[in-house]
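For reference, the structure is listed below as structure tokens.
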Amino acid sequence: MRIAIINYNMGNLASVKNALDLLGYDAFITSDKDEILKADKAILPGVGAFKDAMKELEKLDLISTIKEFVRSNKPILGICLGMQLMFDSSVEFGYSKGLGLIPGDIVKFEIDLKVPHMGWNNLTIKEDSKLFKGLDNPYVYFVHSFYLPVSKYATAITNYGIDFSASVEYNNIYACQFHPEKSGDVGLKILKNFGDL
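Taking my numbering, I'd label the letters of the sequence shown as residues 3 to 199.
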């Protein structure tokens, strides 16, 4: 089983690959369309700004590749910015269209707490979540200034001045706002649950 980590020059690719290597998966970093489409699963990581990320995906002709991968019904996981890109739009540095794979829009924190939201938070998990199987009240690591409001597709909610979607599951798309690759044993368990889908 091969897992493609999609490289569009905006991700902490090495730490995602290291976590998957530790779990014994055959993971590889690529921006090659054919390699991505041949993989059994894909991960869209991401660190940085939404608008820049969409420009990079477009430049590398990866938007159609990701959409084709999703249509193939194989599991794909978005991490942090990679989660946000799955939605319709974001207001980061002005309005930008996203991949439009899951209904919803990314908005800015307007709260009386320090932004970006950085650090460990616990999750309230919905029982039927596949990513959190075997986990109870886990703590995970976040770094972000924009968020998805509580969505009907949310499988975990967390609170930072306001409740928001910490993860979503929508058909074969899985996504988390936090960084599983930086969340210790809990994060490894989440990545293993994805790998075992």
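For each residue, glycine too, the CB sits at the ideal point set by N, CA and C.
Taking Cβ to Cβ, would you say residue i is nearer than 7 angstroms to residue j?
{"i": "D90", "j": "G80", "result": "no"}
{"i": "V145", "j": "P118", "result": "yes"}
{"i": "L22", "j": "I8", "result": "no"}
{"i": "L64", "j": "Y10", "result": "yes"}
{"i": "K110", "j": "V93", "result": "yes"}
{"i": "M3", "j": "D34", "result": "no"}
{"i": "I108", "j": "Q86", "result": "yes"}
{"i": "Y201", "j": "G197", "result": "In the structure as shown, the chain starts at 3 and stops at 199, and residue 201 therefore has no counterpart that could be examined."}
{"i": "I175", "j": "I78", "result": "yes"}
{"i": "T157", "j": "K128", "result": "yes"}
Would you kindly report the start and end of the unbroken beta strand (DSSP E) that includes residue i?
{"i": "I159", "result": "156-161"}
{"i": "D256", "result": "The structure shown does not extend to residue 256, since the chain spans only 3 to 199, so no value can be given for it."}
{"i": "Y176", "result": "175-178"}
{"i": "F30", "result": "28-32"}
Using only CA atoms, which one of the options lies nearest to residue i?
{"i": "S98", "options": "E183, C178, D54", "result": "D54"}
{"i": "S153", "options": "T160, S167, Y162", "result": "S167"}
{"i": "I159", "options": "I104, S185, S131", "result": "S131"}
{"i": "G13", "options": "A21, L46, G100, L39", "result": "L46"}
{"i": "M88", "options": "F52, K19, S147, L24", "result": "F52"}
{"i": "Y162", "options": "L24, D36, P151, M85", "result": "P151"}
{"i": "D36", "options": "L62, I164, D165, I175", "result": "L62"}
{"i": "G121", "options": "K184, S17, E112, I127", "result": "K184"}
{"i": "S231", "options": "M56, S17, D114, T32", "result": "In this structure the chain extends from 3 to 199, so residue 231 is not present and cannot be described."}
Using the Cα positions of residue i and residue j, report the straight-line distance between them to the nearest angstrom.
{"i": "I192", "j": "F180", "result": "11 angstroms"}
{"i": "E70", "j": "L59", "result": "14 angstroms"}
{"i": "Y155", "j": "A177", "result": "10 angstroms"}
{"i": "E171", "j": "K194", "result": "16 angstroms"}
{"i": "N75", "j": "P105", "result": "17 angstroms"}
{"i": "V49", "j": "K40", "result": "25 angstroms"}
{"i": "G186", "j": "R73", "result": "32 angstroms"}
{"i": "K44", "j": "G100", "result": "Just to set this straight, residue 44 is Ala in the shown sequence, not Lys. Roughly 18 angstroms separates the two Cα atoms."}
{"i": "F30", "j": "K19", "result": "7 angstroms"}
{"i": "D138", "j": "N124", "result": "10 angstroms"}
{"i": "L24", "j": "L15", "result": "14 angstroms"}
{"i": "S169", "j": "F95", "result": "23 angstroms"}
{"i": "I164", "j": "T126", "result": "13 angstroms"}
{"i": "L199", "j": "S66", "result": "24 angstroms"}
{"i": "P182", "j": "P140", "result": "11 angstroms"}
{"i": "L133", "j": "N173", "result": "13 angstroms"}
Residue range of the alpha helix (DSSP H) that residue i falls in?
{"i": "D36", "result": "35-40"}
{"i": "F166", "result": "F166 -> not in any alpha helix (DSSP H); beta strand (DSSP E) instead, spanning 165-172."}
{"i": "D23", "result": "15-24"}
{"i": "D187", "result": "186-197"}
Where are the beta strand (DSSP E) runs, 3 residues long or more, that stay fully inside the region 43-81, in chain order? 43-46, 78-81
Restricting to runs no shorter than 3 residues, where is the beta strand (DSSP E) found entirely within the region 105-155? 107-110, 119-124, 141-146
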